[in-house]
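Quick note: the sequence shown uses our numbering, first residue 5, plus one each step.
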Amino acid sequence: MTSIEINNEDEYRLETSTWLAENIDLIEEKQPFSTLHWMPSRERENQHHLDCQKRQKKLYDAGYAGITVPTEYGGHGGEPWMQRIFREEAAGYQVHTGFFNSIISMTLPALLKHGTEEQKKSHIPSLISGEVSWCQLFSEPGAGSDLAGLATRAELDGEEFVVHGQKVWNSAAMYADMGILLVRTNPDAHKHEGITFLLFDMKQSGVEVRPLIQAHGAGHFAEVFLDGARCHISNVLGEIDKGWGPARAVMSNESAMIGGASGDNPQQLIQLAQELGKVDEPVVRQKLAAVYMRNKLLKLMSEKISAAVRKGNAPPIHPSIVKLYVARNRRLEGDLAQCLLGAAGVAATNKASEWAMELLHARYPISIGGGTDEVHRNNLGEQALGLPRDIRVDRGIPWKDIPKG
């Protein structure tokens with residue numbers, strides 16, 4: 005399917021619902037009470053990645069991945085309302101494609117806005133089809149919340165950058181064919197001004213990916229060591245030394261993506277309350293109403309941001325609001341799940357308590373990953389409200405002269 009020619013919403017909804025019913029499995033019945041997606045072994049994690057890649061390709065071939073992407077860049081040329089209808093109809097189906105969905109949400113808008121015609125035509129089709137796996141190479145051991153302090157360096161050698169440094173907390177990097185990489189290309193400039201954004205080949209000598217094995221045995225995150233890896237200047241996204249703009253576009257869309265992936269926890273909490281016979285308790289009903297309302301507002305905000313970005317416009321809502329909102333939602337949902345289960349939620353002895361444990365687990369990393377709550381509050385205060393900036397000892401100083409730990 006190369007383009008979408010349906011103009012009637014009812015007709016498109018019928019076609020979409022029919023295709024989903026015939027081609028995609030329903031979410032398993034255990035889903036409301038056991039949405040744990042931790043992978044207890046590398047083998048299961050590898051299989052999960054392959055399954056997600058196949059699903060991404062299946063959706064793309066049917067016209068349901070890259071719905072609104074222009075046809076000249078491998079998309080289907082549809083309208084925003086088509087994307088909305090697909091999301092509504094797909095709610096009960098196993099359409100999520102894991103990190104493919106995440107990295108596409110972050111990378112695609114930056115490519116559309118800052119990429120050259122050659123870059124768009126070369127990379128977007130294989131990105132949205134899942135043919136090529138991508139990863140994000142931003143954070144470093146010494147540059148997390150203060151990302152602009154990154155130290156991975158790239159020096160020009162003819163028409164290629166030679167890259168040396170280390171990245172960390174890189175989701176699914178062990179599976180990636182390509183990466184979006186931030187490097188320091190001008191240490192004499194202020195820290196935000198000497199950064200370059202590269203579309204980087206992960207399958208080359210000089211790139212070592214080491215999974216970070218977590219307590220449950222899997223390694224979703226990785227650290228990446230770059231020792232003489234190369235990247236042609238034609239793979240610079242935007243301009244040399246001007247990579248902070250595209251990087252901020254990625255981070256903004258990461259915040260919107262996190263909000264858009266908010267799931268259906270309120271409905272699952274309602275089902276849990278019904279199963280436990282607590283749905284008529286006044287305090288429980290009040291808390292259920294609160295998380296339901298906040299979840300709906302979060303999805304509306306994310307949709308407004310996504311619609312604007314797809315048109316190449318600035319987000320109408322500061323993305324940090326979405327990130328802070330989803331972090332607060334996760335805390336409320338986790339607390340409510342544990343409150344409903346009581347002592348039964350202490351150990352994962354049944355499906356309901358496993359699900360509550362996931363919500364409790366999710367309440368903490370969401371306040372750290374993608375920028376800490378404190379960083380996002382600063383962003384809102386300075387960028388949206390015009391409040392005085394934090395005192396910074398590195399303001400106006402070349403990056404090379406900034407004291408480093």
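The C-beta atom is built at its ideal place from N, Cα and C for all residues, glycine as well.
Cβ-Cβ separation between I71 and W138: approximately 19 Å, too far for a contact (criterion under 8 Å). Look at the region 174–220 and you find these whole runs of beta strand (DSSP E), each 3 residues long or longer: 182–188, 199–205 and 211–215. The C-beta distance from A233 to V211 rounds to 5 Å, short enough to meet the 8 Å contact threshold. Residue burial annotation: K125 is exposed, with fewer than 16 other C-beta atoms found within 10 angstroms of its C-beta.
Between G146 and K408, the C-beta gap is smaller than 8 Å, which places the two residues in contact.
One Cα belongs to E92, the other to G102, and the distance between them is close to 18 Å. A direct Cα-to-Cα measurement between L345 and R381 gives close to 33 Å. Looking at the DSSP output, A158 sits in a beta bridge with V167.
Annotated three-state conformation of P74 is coil, per DSSP. The three-state secondary structure of K62, taken from DSSP, is helix. Here the C-alpha atom of S310 lies approximately 25 Å from the C-alpha atom of A180. In the structure shown, the three-state DSSP call for R332 is helix. For the pair of segments examined, the region 225–240 was found to touch the region 158–166: the number of CB pairs separated by less than 8 Å reaches three. In the three-state scheme derived from DSSP, where H, G and I count as helix and E and B as strand, H100 is classed as coil. In the structure shown, G119 adopts coil according to DSSP, grouped into three states.
Beta-bridge partners assigned by DSSP to L30: Y97.
Non-local C-beta neighbours of G374 in its own chain, meaning closer than 8 Å and more than five positions away in sequence, comprise M255, E258, S259, I262 and K327, ordered along the chain. E227: member of the beta strand (DSSP E) spanning A226 to H236, first to last residue.
For L273, the uninterrupted alpha helix (DSSP H) run begins and ends at N269 to E279, by DSSP.
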